[in-house]
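Contents: one structure, followed by commentary.
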Amino acid sequence: MKGYTHIAGGLLFGFLFGVKPYALPLAVIGSTFPDIDLKFSSLVPPKGKKKSLFNTHRGITHHPFWVIALLTLWGFLENGFPQYGFYWEFVYAFWVGYLSHLVLDALTPLGIPVGTSYYPRLKIPIMKTGGVGEKFFALLLVLSLMGILYLKTSA
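The letter at position 84 of the sequence shown is residue 87 when you use our numbering, and the numbering goes up by one with no holes.
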């Protein structure tokens, strides 16, 4: 998925998961964070070398382990230190954005890793990254976001 689709998805998930408005920027950051491995693209193995979770895009940063770890961290902080709940809203928002990223990437042919190696992968290949399907899907996300904003402001 392209960045604009992840941002729209992160915002939509943020509203659907009840992220506080002041924490929505962290949902956007979380929705793009798993692609940080693109910044280190020199780690991508040369053609013919075996891919692993640690040497390619959509590897370790796209593993569902991080969604579970972030949710566990948020739950621990929220329950262990409730007096700082304002700050934990930002952790929750980041988690929601991260979750949205993995859900959206699972809708592509490459999918996301689910095991202890690069394969097997969870994928529901309904659109290609950058293709017409993704652009249409991004439009649907934005329209859904606009609908939610309308309903929230008119209630």
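C-beta: ideal position from N, C-alpha, C; glycine also.
Owing to the predicted nature of the structure, the values given are computational and were not obtained by experimental measurement.
Residues bridged to residue i (per DSSP)
{"i": "R124", "result": "P116"}
Residue i: first and last residue of the uninterrupted alpha helix (DSSP H) it sits in
{"i": "G150", "result": "V135 to S157"}
{"i": "P37", "result": "Careful: P37 lies outside any alpha helix (DSSP H) and carries neither H nor E."}
{"i": "L102", "result": "G88 to D108"}
{"i": "P67", "result": "P67 to G83"}
CB of residue i within 8 Å of CB of residue j, strictly
{"i": "L56", "j": "Y121", "result": "yes"}
{"i": "E137", "j": "K5", "result": "yes"}
{"i": "L105", "j": "P37", "result": "yes"}
Own chain partners of residue i with C-beta closer than 6 Å, once the 5 adjacent residues on each side are dropped
{"i": "I151", "result": "F18"}
{"i": "V94", "result": "W77"}
{"i": "F16", "result": "V99 and S103"}
Distance, residue j Cα to residue i Cα
{"i": "I39", "j": "L102", "result": "15 Å"}
{"i": "I127", "j": "G134", "result": "15 Å"}
{"i": "A72", "j": "K155", "result": "31 Å"}
{"i": "G21", "j": "N82", "result": "18 Å"}
{"i": "L74", "j": "F97", "result": "10 Å"}
{"i": "G62", "j": "F84", "result": "33 Å"}
{"i": "A109", "j": "I129", "result": "9 Å"}
Own chain residues within Cβ distance below 8 Å of residue i, not counting five before or after
{"i": "L148", "result": "A11, L14, L15 and F18"}
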